[in-house]
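Engineer: Quick one: this structure, given as structure tokens, is what I'll be asking you about.
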Amino acid sequence: MTLFVLHVGQWRVIRALSSDEPRRANLPRELSAPSLEPPMAISDVASPLSAPADQPGRRIGVPGIVFFVVSASAPLTVAAGGLPTSFAVSRTLGIPALYVVLGVLLIVFTGGYAAMSRSIANAGAFYAYVTHGLGRVAGVGTAFVALLSYNTMQVGLYGIFGFTTADLLKSRLGWDLPWWAVALAGVAVVAVLGFRRIDLNARVLGVLLAVEFLTVLVFDIAQFGGAPDGVSAGPLGWDAVRTGATGAAMVAAMASFMGFEAAAIYAEECRDPRRTVARATYIAVAVIAGFYAFTAWAMTIGAGPSQIIERSGKEGPGMVWGLATQHVNRAFSDTAQFFLVTSLFAALLSFHNAVARYFYSLGRDGVLPGPLARTHARHRSPHIGSATQTVLAVVVVVAFAASGKDPVLTLFNWLTNLGALGVMLLLALTSAAVVAYFLRDARNENLWNRLVAPALAGLGLAALFVVCLRNFDALLGADKDSPLVWVLPGMIFVSGLVGVVFALVLRATRPEVYERIGRG
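Each residue of the sequence shown is one higher than the one before, counting from 51 in the working numbering.
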């Protein structure tokens, strides 16, 4: 999900927006204790989330997972808000090229990530991979960071969803509804869909995603028909990348990819986990990187390379609606603003499903209360985990509504930035876990997938995490001495530390539970 309210002047921007079998040697030393039996091969696993791989209960294939992953990145939201903000904040003309660079980095990351998915099918994804690579203690710490990150990302989206939808209803239908009422209505619809079976969610997301892509493609193609400075490949070159604050531009662009890693979360519910997760992740990264790079280039051409920086700074997302009106027509621009609401809803549903499966995985392993591991008898969904996430969303939305604070500058801005920062850390940790896992047993993976790719990706992602920390004040639109600049990132490290301490307590007081961590 893009994080497009990341800078000073955000309120103006939003106003404009709305108008094969593992052996014991494969495990970390602590997972190879005599009391543990070797984990089963993926093909032997019959998870409560799904039927065995050769039965129809495994409901989703590559397209379905791609729908979940790409929907989380919210293409129309990126186009309408993320790209103009990236140009305005960084004053970098080479935003299209940065999407290509980051796409390559994440493709490299996917080499190791996909190799791990061929050995471990677990709805805990990051948690499971780090556990098997770096040990149980690190795994539980990772799990707590993941829970914080995905919950804050999902719940934070209700701020912008409620505000944008309420504003649209008022301007089009004359309904004057408070943002929190609209947000809670969204929570209810997401809760119903999250309770239902996974393939229904995939079909809903598929339809919404198709509408998003078609809308943005029409916008993109139209830009080349009215280029004020002519069509140029300049924004795709390295010289354009160096025109502004490249570090801030990379952070803003990286935020657009959030959610791409979620394919592994659905490994237990897909038809062929050994192949599906890898293929879906590669496809999702390629689609996101290519689509956003093309859209950023088209937007630059439509506004003119000589005008894009100044115009995006003055108009914000309003520039997109202006370009749509100029190069297509007013009806298309109005319709696209409606589809922005469906784009946000798709992202909410995608992140909700991811959080529910994290709750399920941790409940099954005994890290969290056991009822979270229950699945619905008919829908096979982790309905207790889904309900838990819904309750958290309601509590947070009500709390922010009662505070009277702006839903965009606080609920959305604070929580989604916090979530994105946490996911960047999780990506770097997972890369390290992949290297450690395959150093113990290559498992017939080639050198690139098991060592070179995850090592390179880990270094690159760690560097991005540091850059993001250093630019966090700009991301929040806050002063450098604001407590938010250290309190919010501090929550990530505190949650990880709490997870580590909790794992150590389990090892000392409940060894039978501790031994189950990461088993799935």
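Every residue, glycine too, gets a C-beta built ideally from N, C-alpha and C.
#1: Contact between the stretch 154-170 and the stretch 497-514: three or more CB pairs below 8 Å?
#2: Mapping DSSP to helix, strand and coil, what is I170?
#3: Report yes or no: do three or more beta-carbon pairs, one from the stretch 296-311 and one from the stretch 466-478, lie closer than 8 Å?
#4: Hey, out of A124, A451, G368, I434, whose CA is closest to P228's CA?
#5: Could you pull out every residue in the same chain whose Cβ sits closer than 8 Å to the Cβ of W288, ignoring the five residues on either side in sequence?
#6: For I567, which of helix, strand or coil comes out of DSSP?
#7: Once you ignore the five residues that flank L519 on each side, which residues in its own chain have a CB closer than 8 Å to its CB?
#8: What does the alpha-carbon distance come out to for the pair A314 and V405?
#9: With DSSP as the reference, please indicate the residues paired to L320 in a beta bridge.
#10: Tell me whether W225 sits in a helix, a strand or coil according to DSSP, three-state version.
#11: For P78, name the three-state secondary structure that DSSP assigns.
#12: Would you please state the rounded distance, in angstroms, between the beta carbons of S436 and F211? I believe it to be under 8 Å.
#13: State the Cα-Cα distance for the pair S136 and L399, rounded to the nearest angstrom.
#14: Considering only the alpha carbon of each residue, which of G469, V391, L267 lies closest to Y200?
#15: Going by beta-carbon coordinates alone, are V417 and M166 separated by less than 8 Å?
#16: Would you kindly work out how many angstroms separate the C-alpha atoms of N172 and Y408, rounded to a whole number?
#17: Quick one: what does DSSP say I92 is sitting in, helix, strand or coil?
#18: Please state whether DSSP places F307 in a helix, a strand or coil.
#19: Is T425 helix, strand or coil by DSSP?
#20: In whole angstroms, what is the alpha-carbon distance linking C320 and I110?
#21: Between which two residues does the alpha helix (DSSP H) carrying N463 extend?
#22: Determine the burial state of L373: buried for a count of at least 16 other Cβ atoms within 10 Å of its Cβ, exposed for fewer.
Structural biologist: Checking against the coordinates, here is how it stands:
#1: Because the criterion of three Cβ pairs below 8 Å is met, the stretch 154-170 and the stretch 497-514 touch.
#2: In the three-state reduction of the DSSP assignment, I170 falls in the coil class, being assigned neither a helical nor a strand state.
#3: Touching, yes, given that three or more Cβ pairs across the two stretches are closer than 8 Å.
#4: The alpha carbon of P228 has as its nearest neighbour, out of A124, A451, G368, I434, the alpha carbon of A451.
#5: Contacts found: G144, A147.
#6: Looking at I567 - three-state DSSP - the assignment turns out to be coil, as it is neither helix nor strand.
#7: L471, P539.
#8: A straight-line Cα-Cα distance of about 13 Å links A314 and V405.
#9: Per the sequence shown, residue 320 should be read as Cys rather than Leu. Paired residue(s): I110.
#10: Shown here, W225 sits in coil according to DSSP, grouped into three states, outside any helix or strand.
#11: Unreliable positioning characterises P78 in this predicted model, as indicated by a pLDDT of 44, which lies under 50. The coordinate reading is nonetheless provided below. It is coil, neither helix nor strand.
#12: In this structure S436 is not in contact with F211, their Cβ atoms being roughly 18 Å apart against a cut-off of 8 Å.
#13: For S136 and L399, the distance between alpha carbons rounds to 25 Å.
#14: For the residues G469, V391, L267, the minimum Cα distance to Y200 belongs to G469.
#15: Taking 8 Å as the Cβ cut-off, V417 and M166 do not qualify as a contacting pair.
#16: Between N172 and Y408, the C-alpha separation is close to 10 Å.
#17: Because the pLDDT of I92 is 35, which lies under 50, any placement of that residue in the model is unreliable, and the question is left without a value.
#18: Collapsing the DSSP output to three states places F307 in coil.
#19: The answer is coil: DSSP assigns T425 none of H, G, I, E or B.
#20: Looking at the two C-alpha atoms, the distance is approximately 5 Å.
#21: Its alpha helix (DSSP H) spans residues 463-490.
#22: L373 is buried by the Cβ-count criterion.
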